[in-house]
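Colleague:
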Amino acid sequence: MSDSNAPAIDQILNILKTLQTDQKQLAAAVDAINGRVNALSDIKELKDNARPVAPVRPVLATASASPSQDEGAPPSEVQVPKRASSSTTSRVILTTYPGQGGVDPVVMNWGQQDPENRGPVVVGRGSTTIRRRNAIGAHGGSYSIYHALALAINELKPDHKPDFTNTEPAATIGPFPQWYDSKKIVAMDPFGHLAPWLYKDYIDKEGLEIRPTIAITKAHMKLPEMEQSVREGRLKVDGKIVVNESGELAVTKFAVEPVWYLPGVAERFGVDEGALRRSLFENTGGSFPELITRPDIKVFLPPIGGLTVYTFGDVKKMSDPDAKLALRVHDECNGSDVFGSDICTCRPYLLFGIEEAVKEAQNGGSGVVIYFRKEGRALGEVTKYLVYNARKRGADRASEYFKRTENIAGVKDMRFQALMPDILHWLGITKIDRMLSMSNMKHDAIVEQGIPIYERVPIPDDMIPADSRVEIDAKIHAGYFTTGKTLTMEELSAVQGRAWEDVDH
Ligand SMILES: [Zn+2]
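For the sequence shown, the numbering used here assigns the number 4 to the initial residue and increments by one for each residue that follows.
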């Protein structure tokens, strides 16, 4: 009985084996199809620009207490209004991943000399550009938010192609060896002023969005203080730099937007790149998830203010080791710089810097003023005014000056000058003959970058407004450079600012 059954069992076992093999093959085939479907859907997500916007279901959306919930709508569905334009993707792309279907970043080798090997900075989100991005963030620094607003309200067409005719730099600069040193330039794109022309093929053949992050122009500037300098004989009219008796100045200006090479920025601050990325992600409300999901992308265009270089005289003199260079590095203080507030030395020092820069240029050297958008020690005006209130409501003493800021902001300064010297490297500056600044932080950051400073020039005493003695004496006590006296703590407590006047007459 058992013998006669044996072949049948063998047969059944064979059939089972075949079935198992078939099932494995089938499962593999299903997996493969799944993979292709996923890849196709990823490409579709990145490329799809045809469908009108319908309710979307963001992958990471969580239930929120919105009124629509009470009306029975699924909590994770977000109603997105229809757009007039159809060139955006129909689904919200929350983030991308390396190797994801359709993701194909343009080559980016930071620090390479050959622009083609280096690659353009590609950060646009247009339908042809998005899958080729090699940078996180958006163009325009802090103005990227206004750009987003213009798109949201349909003032700006998503498929707008900029016409760069006649926008080329108004002065030639470089190239300098510093441009190809990934340790020396980490916070701006050394090819940023030439991007649309260097990478024309990417624009013409692939339809990619490539924008300049630096622009160079020429202008005249007119300041009442410079007219006074001419009248009082401190500045001479030469018709070229000081154009006329009203103190009009001829200037070449460079506007620079921030472009960060994250490994280089992390190294400059002595932190781990991962820790930097995580902090930037978490403390911007999760605005840039690719900081976490795209470790393969190393370039980030942060939503912060940039800088402007004002240079007097021949632009080429900045990098000439035989020509003297006078430099003021100035951080924005709108209240003083523009509106003449007398609580600090900002506008007087800025104007002293401009005057000295002009004199150096007139003497055959070069004069440079660099203006950074770092309002209120990069703490912003709200914090700044809170500090003013705390100072004026207490006894406004120099000895308490930094403590007031620290109590409110937790730190006395967030300007962190470590990235500032990049612009000096980019301009080809290899030494500074006259540094028109007393800041030890600026001095140390520049010297640490291998650029020697031969002379430091403090603001002349007669240019210091009375009410700003509190600030300048406190700064000198804390390490600012002076050729005068550094006050003791006891003397500092005697330096007091003006109290608020009673305005209820
Ligand atoms: Zn100021």
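For glycine and all other residues, C-beta sits at the position ideal for the given N, C-alpha and C. In this text the structure is predicted, and so the values were computed from the model without any measurement.
Can you tell me the Cα-Cα spacing of isoleucine 435 and alanine 326, whole angstroms?
Modeller: Looking at the two C-alpha atoms, the distance is approximately 10 Å.
Colleague: Given a threshold of 16 other Cβ atoms within 10 Å of its Cβ, counted over all protein chains shown, does leucine 63 qualify as buried or as exposed?
Modeller: For leucine 63, the pLDDT reaches just 35, beneath the cut-off of 50, and the residue's location in the model is therefore unreliable, leaving the point undetermined.
Colleague: The alpha helix (DSSP H) with valine 385 in it runs from where to where?
Modeller: Residues 384 to 396.
Colleague: What is the chain-ordered set of residues for which the beta carbon lies under 6 Å from any non-hydrogen atom of ligand 3?
Modeller: As presented, the structure is devoid of ligand 3, carrying ligand 1 as its sole ligands.
Colleague: Within the continuous beta strand (DSSP E) that includes methionine 191, where are the two ends?
Modeller: From DSSP, methionine 191 is part of no beta strand (DSSP E); its letter is neither H nor E.
Colleague: Which residues in the same chain have their Cβ closer than 7 Å to the Cβ of asparagine 443, if we skip the five residues on either side of it in sequence?
Modeller: Hits under 7 Å: Gly482, Tyr483, Phe484.
Colleague: Taking the Cβ atom as the reference point for each residue, do methionine 111 and glycine 122 lie within a distance shorter than 7 Å?
Modeller: Cβ atoms of methionine 111 and glycine 122: closer than 7 Å.
Colleague: Hey, quick one: how far does the alpha helix (DSSP H) through valine 245 stretch, first residue to last?
Modeller: Valine 245 -> no alpha helix (DSSP H), and no H or E assigned at all.
Colleague: Quick one: any contact between the segment 205 to 224 and the segment 122 to 140, if contact means 3 or more CB pairs under 8 Å?
Modeller: Taking 8 Å as the limit for Cβ pairs, the verdict is that the segment 122 to 140 does touch the segment 205 to 224.
Colleague: Looking only at its own chain, which residues have a Cβ that is under 7 Å from the Cβ of isoleucine 454, when we skip the five neighbours before and after it?
Modeller: Excluding residues within five positions, the ones whose Cβ falls inside 7 Å are Pro424, Leu427, Ile432, Thr433, Lys434, Ile435.
Colleague: Looking only at its chain, what residues have a beta carbon closer than 7 Å to the beta carbon of isoleucine 475, apart from the 5 residues adjacent to it on each side?
Modeller: Counting only Cβ-Cβ distances below 7 Å, and skipping sequence neighbours, we find Thr348, Ile467.
Colleague: Excluding five sequence neighbours on each side, which residues of the same chain lie with their C-beta closer than 6 Å to the C-beta of lysine 186?
Modeller: None.
Colleague: I'd like to confirm the pairing. Which residues does DSSP put opposite glycine 122 in its beta bridges?
Modeller: Looking at the DSSP assignment, glycine 122 forms no beta bridge with any residue, so it has no partner.
Colleague: Going by DSSP, name the residue or residues bridged to histidine 1.
Modeller: What the structure shows of the chain is the stretch from 4 to 508, and residue 1 is not part of that stretch, so it cannot be assessed.
Colleague: Within 10 Å of its beta-carbon, does glycine 500 have 16 or more other beta-carbons around it, so buried, or fewer, so exposed?
Modeller: Counting Cβ neighbours within 10 Å, glycine 500 comes out buried, since at least 16 surround it.
Colleague: For threonine 311, which of helix, strand or coil comes out of DSSP?
Modeller: Of the three classes helix, strand and coil, the one that applies to threonine 311 here is strand, per DSSP.
Colleague: With a CB to CB cut of under 7 Å and the five nearest residues on each side skipped, what residues in its chain are close to alanine 253?
Modeller: These residues qualify, in order along the chain: His223, Lys243, Ile244, Val246.
Colleague: Taking the alpha carbon of lysine 164 as the point to measure from, which residue in Gly316, Pro199, Ile156 has its own alpha carbon closest?
Modeller: The shortest Cα separation from lysine 164 among Gly316, Pro199, Ile156 belongs to Pro199.
Colleague: Leaving out five residues on either side along the sequence, give the residues of the same chain with a beta carbon under 6 Å from the beta carbon of glutamine 452.
Modeller: Answer for glutamine 452: Pro424, listed in chain order.
Colleague: In chain order, what residues of the same chain have a beta carbon less than 7 Å from the beta carbon of isoleucine 300, not counting five sequence neighbours either side?
Modeller: Contacts found: Pro108, Asn137, Ala138, Ile139, Glu293.
Colleague: Which residue comes first and which comes last in the alpha helix (DSSP H) that contains glycine 487?
Modeller: Here glycine 487 belongs to no alpha helix (DSSP H), and DSSP marks it neither H nor E.
Colleague: What's the gap between the Cα of glutamine 365 and the Cα of glycine 316?
Modeller: Cα to Cα, glutamine 365 sits roughly 7 Å from glycine 316.
Colleague: Note down, in chain order, each residue of its chain lying with its Cβ closer than 7 Å to the Cβ of methionine 417, except the 5 sequence neighbours on either side.
Modeller: Arg380, Ala381, Leu382.
Colleague: Helix, strand or coil, according to DSSP, for tryptophan 200 in the structure here?
Modeller: Three-state DSSP puts tryptophan 200 in a helix.
Colleague: Does the separation of the CB atoms of proline 261 and alanine 151 fall below 7 Å?
Modeller: Not closer than 7 Å, so no.
Colleague: Enumerated in chain order, which unbroken segments of the alpha helix (DSSP H) with a length of 4 residues or greater are wholly contained in the segment 413 to 457?
Modeller: Here the runs fully enclosed are 425 to 429, 443 to 451.
Colleague: Between the alpha carbons of alanine 269 and proline 227, how many angstroms are there, rounded?
Modeller: About 43 Å.
Colleague: For glutamate 458, tell me which candidate among His446, Glu235, Ile295 has the shortest Cα-Cα distance.
Modeller: When each option's Cα is compared against that of glutamate 458, the closest is His446.
Colleague: Are the CB atoms of valine 473 and aspartate 399 nearer to each other than 7 Å?
Modeller: Yes, they are a contact pair.
Colleague: Using three-state DSSP, classify valine 341 as helix, strand or coil.
Modeller: Note: valine 341 maps to coil in three-state DSSP.
Colleague: In three-state terms, what does DSSP make of glutamine 365?
Modeller: Helix, per DSSP.
Colleague: Please state whether DSSP places glutamine 181 in a helix, a strand or coil.
Modeller: Helix at glutamine 181.
Colleague: Against chain D, does serine 130 count as a neighbour if the rule is that its beta carbon must be under 7 Å from one of theirs?
Modeller: This model lacks chain D altogether; it includes just one protein chain.
Colleague: Considering Cα atoms alone, identify which of Tyr374, Arg331, Ile346 is closest to glycine 2.
Modeller: This structure cannot speak to residue 2, because the chain is shown only from 4 to 508.
Colleague: Which residue marks the beginning of the alpha helix (DSSP H) containing arginine 135, and which one marks its end?
Modeller: No alpha helix (DSSP H) contains arginine 135, which DSSP labels as neither H nor E.
Colleague: DSSP three-state label for glutamine 3, please.
Modeller: Here the chain has residues from 4 to 508 only, and residue 3 is not among them.
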